[in-house]
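Here is the structure we will look at, set down as structure tokens.
In our numbering, the protein residues as written are 4 to 132.
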């Protein structure tokens, strides 16, 4: 064998060895990438579940706060007003209250016929025609 064929065989074997080592290292990298990808997927799922739980808790909190606010509003409506909220009205002039005579008061139990045949004194007419 001459030197040229020996160098060709050496370079050919070296190239095949480098290709094999490169293929093996690429396969290892892909396996690590798959492991990391599966971890990422698990983390994304757990984040999504946590977000759902958080949204549920927020909705429950909002509902309970609305209920508490409603209860406090109802409770506030039933409380008597504070003295600062009370407006005192003072009248300087008194309006005289006219009292109707007892004869002109009509009972709700009277029928229209009884009202029509009452004496004229209670119906506004003082004299008979």
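Where a beta carbon is used, it is the ideal one built from N, C-alpha and C, also for glycine.
Can you name, in chain order, every residue of its own chain whose Cβ lies under 8 Å from the Cβ of residue i, other than the five neighbours on each side?
{"i": "residue 44", "result": "none"}
Below 7 Å CB to CB, which residues in the same chain sit around residue i once its five sequence neighbours on both sides are set aside?
{"i": "residue 63", "result": "none"}
Give the secondary structure of residue i by DSSP, where H, G and I count as helix, E and B as strand, and everything else as coil.
{"i": "residue 11", "result": "helix"}
{"i": "residue 47", "result": "helix"}
{"i": "residue 82", "result": "coil"}
{"i": "residue 35", "result": "helix"}
{"i": "residue 87", "result": "coil"}
If I measure Cβ to Cβ from residue i and keep anything under 6 Å in the same chain, skipping five residues before and after, which residues do I get?
{"i": "residue 37", "result": "none"}
Any heavy atom of the ligand PLP within a distance shorter than 6 Å of the CB on residue i?
{"i": "residue 56", "result": "Absent from the structure shown: the ligand PLP. Ligands present: none."}
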